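Single-structure report; data block below.
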Amino acid sequence: MYENLEKELRNISPKVYTYLDQRIGNYTRLSILKIATLLHDIAKKETLITADNGNANCPGHEHLAAGMVKNFSELFLLDNKCQEYVERIVLHHGFVSEVIAQSLHKPTKENIIWNRFIDAVGDISYELLILIKADDKACDLEELAPEQFYPREKLLIR
Numbered sequence: 083m084y085e086n087l088e089k090e091l092r093n094i095s096p097k098v099y100t101y102l103d104q105r106i107g108n109y110t111r112l113s114i115l116k117i118a119t120l121l122h123d124i125a126k127k128e129t130l131i132t133a134d135n136g137n138a139n140c141p142g143h144e145h146l147a148a149g150m151v152k153n154f155s156e157l158f159l160l161d162n163k164c165q166e167y168v169e170r171i172v173l174h175h176g177f178v179s180e181v182i183a184q185s186l187h188k189p190t191k192e193n194i195i196w197n198r199f200i201d202a203v204g205d206i207s208y209e210l211l212i213l214i215k216a217d218d219k220a221c222d223l224e225e226l227a228p229e230q231f232y233p234r235e236k237l238l239i240r
């Protein structure tokens with residue numbers, strides 16, 4: 083996953099890099115994104131449910147993982163402000179997939195849906211979009227389900 087994040091970061095615009103260079107507490111937004119990337123799925127093991135057909139799901143892992151971030155604050159030397167940002171990114175990372183699904187289901191409402199997403203997550207929208215792009219690539223969605231991957235990718239690069 084982290085390798086995919088690094089690949090995504092090589093393709094972002096200078097404007098987004100300038101944004102990611104902003105300081106939040108004792109780290110830049112870029113460093114906070116990297117830490118959130120490492121921690122965003124730490125609760126999947128605890129929430130894993132496997133259906134009879136073999137499909138797996140981890141309902142609520144985002145909420146549980148966000149609550150676990152504080153356990154890593156000392157390790158990553160996060161001040162309170164950085165910890166809050168990491169928690170928010172971890173908490174909301176699944177929300178992007180919901181927004182994508184709604185946008186694909188209701189294309190005429192796409193702008194309204196994305197504006198509501200930005201209103202809801204505020205100043206971490208870039209981080210969430212970069213994280214979900216890297217996450218999509220890490221789970222091999224492009225290879226396993228290209229019919230799902232490419233419409234998602236198209237929405238994310240707009």
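The numbers in the numbering used here rise by one with no breaks, and the one at position 9 of the sequence shown is 91.
Ideal Cβ positions, reconstructed from N, Cα and C, are used throughout, including at glycine.
Note that the coordinates shown come from a computational prediction; the quantities given were computed from them, not determined experimentally.
May I ask you to list the residues that DSSP assigns as paired with residue 124?
-> Taking the sequence shown and counting its residues from 1, the one referred to as residue 124 is at position 42. Paired residues: none, contrary to the question.
Can at least three beta-carbon pairs, one atom from the stretch 187 to 204 and one from the stretch 146 to 160, be found at a separation below 8 Å?
-> Too few Cβ pairs lie closer than 8 Å, so no.
In its own chain, which residues sit with a C-beta less than 8 Å from the C-beta of residue 110, not counting the 5 before and 5 after it?
-> On the sequence shown, position 28 is the one that residue 110 refers to. Within the same chain, residue 110 has close Cβ partners 102, 103 and 104.
Taking DSSP as the reference, what is the three-state secondary structure of residue 118?
-> On the sequence shown, residue 118 is found 36 positions in, with the first residue counted as 1. Helix at residue 118.
When the Cα of residue 176 is compared with those of 211, 185 and 158, which residue comes out closest?
-> Looking up residue 176 in the sequence shown gives position 94. When the alpha-carbon of residue 176 is set against those of 211, 185 and 158, the nearest one is in 211.
As assigned by DSSP and simplified to three states, the class of residue 214 | For the purposes of this step, residue 214 is taken as the residue at position 132 of the sequence shown. DSSP places residue 214 within a helical segment (H, G or I) once states are collapsed to three.
With respect to the alpha helix (DSSP H) encompassing residue 98, which residues constitute its N-terminal and C-terminal limits?
-> Within the sequence shown, the letter at position 16 stands for residue 98. Boundaries of the alpha helix (DSSP H) around residue 98: 96 to 102.
Own chain residues within Cβ distance below 7 Å of residue 152, not counting five before or after = The residue labelled residue 152 in the question sits at position 70 within the sequence shown. Closer than 7 Å at Cβ, skipping near neighbours: 165.
Spatial neighbours of residue 223 in its chain, beta-carbon cut-off 8 Å, leaving aside the 5 residues before and after = Walking along the sequence shown from the start, residue 223 turns up at place 141. Result list for residue 223: 230, 231 and 234, in chain order.
Helix or strand or just coil, what does DSSP make of residue 182?
-> Reading the sequence shown from its first residue, position 100 is the one you call residue 182. Secondary structure of residue 182 (DSSP, three-state): helix.
Give the DSSP-derived three-state secondary structure of residue 139 in the structure shown.
-> Residue mapping note: residue 139 aligns to position 57 of the sequence shown, counting from 1. Strand.
Boundaries (first-last residue) of the alpha helix (DSSP H) holding residue 202 | Position 120 of the sequence shown holds residue 202. Looking at the DSSP string, the run of the alpha helix (DSSP H) that includes residue 202 is 192 to 203.
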